[in-house]
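**Student:** Okay, here's the structure, questions in a sec.
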Amino acid sequence: MHPPKRFSELPEYAFPRLRTLLGDLPAGHPNPIQMTIGDPGHAAPGFITEEINKHAARFANYPPNDGAPELMDAIGGWLERRFGFATVPEQILALNGTREGLYNTCMALCPEDKNGQRPVVLTPNPFYQVYAVAALSVGAEPVYVNATAESGHLPDFAALSNDLLDRTAVAYICSPANPQGAVADKAYWRQLLALAEKHDFIVLADECYSEIYLDAPPTGILEVVAEDGIDPNRVVAFHSLSKRSNLAGLRSGFAVSGAETIARMRLLRAYAGAPLPFPLQMAAARAWSDEDHVIENRALYAAKFDVATEILGNIPGVHIPEAGFFLWLPVDDGEAATLKLWQEAGVKVLPGAYLARDTADGNPGEKFIRVALVAPLDQVRDGLTRLRDCLYS
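By this note's numbering, the letter at position 271 of the sequence shown is numbered 937, and the numbering carries on one by one without gaps.
Shown next, in the form of structure tokens:
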């Protein structure tokens, strides 16, 4: 059997490509350091196990698909505190990790055609690969909008032609951006929302890194929606405990929008979604209600970025991001730099081109590597020192 033709457009996923690139090549150091995948390495909040154990008997029951009332209340409270965005439970959809939501939302909301033509799904480039898979799954045309230093490492959707924007049904945007760490400000959000209103498309805002930042909290799209009185059905924002609370394995995230949009998403999720077990929903509710552990987590990342600034800050072209936990480092060739770094220094990173697609203007990740700062502080210091000495000396 062969996959549908539309999936022939998909590249191999980034990490299998990395394994193929490095193959059986030995590490060039007796103590290899992994700096590829964004798997949080800090401790999860201590109360999580306590909360799961308290409700463990409920593993015997089917969990509420739309989210337990306690979880919905906790999420709604956090949204109001963090973004000034007041909700009712009908505006929130609990997710088994935001990957599910980012994929299924396109399935639920993207029409079969737009103005009698094949619909377009816009995505930043580089991007989280799920965006492209979602677009192809619904038969839409994915359009990759390069996010480069010239555009502030965010996609310049306003530069697209009116004809293309008129065909657009969905636009994905990630802020803070993965991998560059760029943050959309209020002016950017307002411009994007004005485009969405003018050309009648929905904005899917992936904000899963919003709580990992150095100075000011990143502006969320919901802040602008609330301040400007914009119809929330025009937007779906996604948040997660994976990075905020070091709970990637808990698989707790949510989507928030207007009640009409969430109703359409719930209709599909009743068939295509896997609800989070009730004890895990209770643990998630407690995590969304607590900020102390988030502040502690953010301080650990800030210390790593201090080290990154100390080691790499004077290198031309190196930019320390505002948010997230990745470094997006300039090199002459991402694949060549990755090979050199592994073979000579035993540090494993990811070629930037593996997170992007080739376009008429080239691959915006080709001359970059992505470095994840998720290891313990001493390993981060060691890894970045080896990286500097290997690539930038």
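For every residue, glycine included, the Cβ atom is placed at its ideal position computed from N, Cα and C.
Where does D958 land, buried or exposed, given buried means 16+ other C-beta within 10 angstroms?
**Tutor:** Its Cβ having fewer than 16 others within 10 Å, D958 is exposed.
**Student:** In angstroms, rounded to a whole number, what distance separates the CA positions of E816 and L1039?
**Tutor:** Rounded to the nearest angstrom, the two C-alpha atoms are 25 Å apart.
**Student:** When the Cα atoms are used, what is the spatial distance from L737 to S841?
**Tutor:** Going by the C-alpha atoms only, they are around 24 Å apart.
**Student:** So, with DSSP's three-state summary, where would you put Y875?
**Tutor:** Three-state result, Y875: coil.
**Student:** Thinking N912 and A740 are a contact (beta carbons under 8 Å), I'd like their distance in whole angstroms, please.
**Tutor:** N912 to A740, Cβ: 18 Å. No contact.
**Student:** When you compare the CB positions of L916 and A949, do they come within less than 8 Å of one another, or not?
**Tutor:** Yes, they are a contact pair.
**Student:** Please return the same chain residues whose Cβ sits closer than 7 Å to the Cβ of E717, not counting the five positions on each side in sequence.
**Tutor:** Same-chain partners within the cutoff: M948, A949, R952.
**Student:** Need the endpoints of the alpha helix (DSSP H) that L802 sits in, please.
**Tutor:** Its alpha helix (DSSP H) spans residues 796–803.
**Student:** Between the Cα of L802 and the Cα atoms of A813, G919, I986, C772, which residue gives the shortest distance?
**Tutor:** Nearest of A813, G919, I986, C772 to L802, Cα basis: C772.
**Student:** Given Y769, which residues of its chain have a CB within under 6 Å of its CB, disregarding the five upstream and five downstream residues?
**Tutor:** The residues are V796, A800.
**Student:** So within the stretch 794–874, which uninterrupted beta strand (DSSP E) runs reach at least 3 residues, ignoring any that extend past its ends?
**Tutor:** Listed in chain order, they are 807–812, 834–840, 868–872.
**Student:** In angstroms, rounded to a whole number, what distance separates the CA positions of Y838 and E873?
**Tutor:** Cα-Cα distance, rounded: 11 Å.
**Student:** Assuming A969 and L1053 form a contact by the criterion Cβ under 8 Å, report the distance between their Cβ atoms to the nearest whole angstrom.
**Tutor:** So it is not a contact: roughly 18 Å between Cβ atoms.
**Student:** Determine the closest residue to L745 out of L966, L933, E877, P785, with distance taken between C-alpha atoms.
**Tutor:** Taking only the C-alpha atoms, the option nearest L745 is E877.
**Student:** Of all the CB atoms in chain C, is at least one closer than 8 Å to the CB of D881?
**Tutor:** The chain labelled as chain C is not found in the depicted structure, where only one protein chain is given.
**Student:** Beta-carbon within less than 7 Å of F1034's beta-carbon, same chain only, minus the 5 sequence neighbours each way: which residues are those?
**Tutor:** Here the set comprises W994, L995, P996, V997, G1000, G1018.
**Student:** Which partner residues does I699 have in the DSSP bridge list?
**Tutor:** In the DSSP output, where bridge partners are listed per residue, I699 has V1013.
**Student:** Quick check on the burial criterion: 16 or more other C-beta atoms within 10 angstroms. Buried or exposed for G805?
**Tutor:** Looking at its Cβ environment, which holds fewer than 16 other Cβ atoms inside 10 Å, G805 is exposed.
**Student:** Which residues bound the alpha helix (DSSP H) around A774?
**Tutor:** Element bounds for A774: 764–775.
**Student:** My assumption, with CB atoms under 8 Å, is that G767 sits in contact with A921. Please give the rounded CB distance.
**Tutor:** 5 Å between Cβ atoms; contact.
**Student:** On a CA-only basis, which of V960, H905, N844, R1047 is nearest T975? Give me that one, please.
**Tutor:** When each option's Cα is compared against that of T975, the closest is R1047.
**Student:** Determine the burial state of E678: buried for a count of at least 16 other Cβ atoms within 10 Å of its Cβ, exposed for fewer.
**Tutor:** The residue in question, E678, is exposed, as its Cβ has fewer than 16 Cβ neighbours within 10 Å.
**Student:** Starting from L993, trace the alpha helix (DSSP H) in both directions and tell me its first and last residue.
**Tutor:** Not the alpha helix (DSSP H): L993 falls in the beta strand (DSSP E), residues 992–996.
**Student:** Quick check: the Cα distance between L688 and L934, rounded to an integer number of angstroms?
**Tutor:** Using only the alpha carbons, I get a separation of about 40 Å.
**Student:** Less than 7 Å between C-beta atoms, sequence neighbours within five positions excluded: which residues of the same chain meet that for L761?
**Tutor:** So the list reads G767, G919, F920, A921, once near-sequence residues are dropped.
**Student:** Within 10 angstroms of its Cβ, does G979 collect 16 or more other Cβ (buried), or is it exposed?
**Tutor:** By the 10 Å Cβ count, G979 comes out exposed.
**Student:** Determine the contact status of A989 and G847, defining contact as a CB-CB distance below 8 Å.
**Tutor:** It is a contact, given that the beta carbons lie within the stated cut-off.
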